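Counting in my numbering, the sequence shown runs from 523 upward without gaps.
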Amino acid sequence: MMSSEIFVPGWLQHLLVVLLRFTLSCAAPMNLNNGTECSARGPAPYILVFTGHWSPQTFPKQYPLFRPPAQWSKLMAVTHNEQYRLWQEGAPASDGLKSFAEQGLTVDLVKDAKEARKGRSVGSMYRTAGIPSGIGHSSTEILLTPRSPLLSLIVKVIPSPDWFVGIDSLNLCEGGQWKQEVTFDLHPFDAGTDSGFTFSSPNFPTTPPENITMITSQKPNHPANSFYYPRLTDLPPLATIWMKRQSRSPVRQQNRVSNHILPEEIKPHRYSETPLDCEVSMWSSWGLCLGPCSRGGLRHRTRYILLKPANSGTACPELEEQEECTPYNCLAYQ
523 MMSSEIFVPG
533 WLQHLLVVLL
543 RFTLSCAAPM
553 NLNNGTECSA
563 RGPAPYILVF
573 TGHWSPQTFP
583 KQYPLFRPPA
593 QWSKLMAVTH
603 NEQYRLWQEG
613 APASDGLKSF
623 AEQGLTVDLV
633 KDAKEARKGR
643 SVGSMYRTAG
653 IPSGIGHSST
663 EILLTPRSPL
673 LSLIVKVIPS
683 PDWFVGIDSL
693 NLCEGGQWKQ
703 EVTFDLHPFD
713 AGTDSGFTFS
723 SPNFPTTPPE
733 NITMITSQKP
743 NHPANSFYYP
753 RLTDLPPLAT
763 IWMKRQSRSP
773 VRQQNRVSNH
783 ILPEEIKPHR
793 YSETPLDCEV
803 SMWSSWGLCL
813 GPCSRGGLRH
823 RTRYILLKPA
833 NSGTACPELE
843 EQEECTPYNC
853 LAYQ
């Protein structure tokens, strides 16, 4: 009696499995990028403009006027996918970011990005010229691709211990479409590698290093902090990023520093002045009691100004105080 089972060779079974998997993959492709996959058709060129708003009017406290004056380092931007991170709030700074945040050096950051580009997690790198003042522009043209639709960038605050502004993994591709225009306010971050409180603090390494944190008007909560403005709920933007999609591809820069004449529609933002209240020292000890021994005299104490008021801030209080007293070491009349 012949068996009802049909014999199928092993090679044919393997071929059928391969064909079935191929058919299913074409019918329902799997999303392996956790929602960050870009399905846009072709690359997107943008002009990127960094604008500094760091002025004595918006940030009057300890504003650096010399050695060196307030200024911005060169900007470093990287296009990438979700497998790469230039920096991340709440995470420790890499050696490259530490070098950049403390000294403005990009050598290690560029080296790390080139290594990541071998694995196709980084697309391109761009740099702009530095800005020799707190207010000003720098710009470059960048090209984003569906393979690398995310943008990260950093700019060092000069002078500062290890402070910078930046963007972490901004996705410019949504719903299969490239964004036409974006504006991003930038606030200061602490790299967590230096323990200075002020713009001109000497180098004092943080041991062990801390995670990257945002600097706010009340954090760090210490009057010595250069960004400490207890009357403000939020700090004004220290800088902004403006990006607009272009109709043509950017000219290749061969990794050279880039700067462009800005489009006429870019106008400097104007922010209201930040009030800075007067700060005074603690009172000194009372001085000697001055006056005739026969009756009460006067004694004095003083304090001095730590920080002068600015932009209609609270005026300084009295710096000298006196009160009546009884002289010491006086012989009473018998």
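Positions of the beta carbon are idealized from the N, C-alpha and C atoms, including for glycine. Keep in mind that this is a model prediction, so the values were computed, not measured.
Cβ neighbour criterion (16 or more within 10 Å) applied to residue i
i: Tyr568; result: buried
i: Phe505; result: A query on residue 505 cannot be resolved here, the shown segment of the chain reaching from 523 to 856 and no further.
i: Arg649; result: buried
i: Asn747; result: buried
i: His575; result: buried
i: Tyr826; result: exposed
i: His744; result: exposed
i: Phe588; result: exposed
i: Leu810; result: exposed
i: Met804; result: exposed
i: Asn603; result: buried
i: Thr755; result: exposed
i: Cys548; result: In this predicted model, Cys548 has a pLDDT of only 49, less than 50, meaning its place in the structure is not dependable enough to derive any value.
i: Pro790; result: Unreliable placement is indicated for Pro790, whose pLDDT of 49 sits below 50; the coordinate value is still reported in the next sentence. Pro790 should be labelled exposed.
i: Lys830; result: exposed
Length of the line joining the Cα atoms of residue i and residue j
i: Lys583; j: Asp684; result: 18 Å
i: Leu619; j: Asn733; result: 12 Å
i: Ala566; j: Phe572; result: 19 Å
i: Leu757; j: Glu663; result: 29 Å
i: Val687; j: Pro839; result: 36 Å
i: Asn833; j: Cys800; result: 11 Å
i: Arg753; j: Leu672; result: 36 Å
i: Pro578; j: Tyr585; result: 6 Å
i: Ser769; j: Leu665; result: 11 Å
i: Gln737; j: Ala623; result: It is worth fixing the name first, because residue 737 is Ile in this sequence and not Gln. Roughly 14 Å between the two C-alpha positions.
i: Leu481; j: Leu841; result: Examination of residue 481 is not possible in this model, given that the chain is present from 523 through 856 alone.
i: Gly626; j: Thr705; result: 25 Å
i: Arg823; j: Thr848; result: 16 Å
Simplified DSSP assignment, three categories, for residue i
i: Glu604; result: coil
i: His536; result: helix
i: Lys830; result: coil
i: Pro727; result: strand
i: Leu672; result: strand
i: Ala562; result: coil
i: Phe711; result: strand
i: Ser822; result: For clarity, residue 822 is His in the given sequence; the question names Ser instead. In this structure, His822 counts as strand in the three-state DSSP scheme.
CB-CB length for residue i against residue j, believed under 8 Å
i: Val644; j: Ser621; result: With 8 Å as the limit, Val644 and Ser621 do not qualify as a contact, their Cβ atoms being about 18 Å apart.
i: Leu675; j: Met765; result: Not a contact, Cβ separation roughly 10 Å.
i: Asp716; j: Pro727; result: 6 Å
Quick one: which unbroken alpha helix (DSSP H) runs of 4-plus residues sit fully inside the segment 567-642? Chain order, please.
617-625 and 629-640, all fully within the segment 567-642.
Minimum length 3: unbroken beta strand (DSSP E) runs contained in the segment 641-665:
Runs of beta strand (DSSP E) with 3 or more residues, each lying fully within the segment 641-665, are found at 644-649, listed in chain order.
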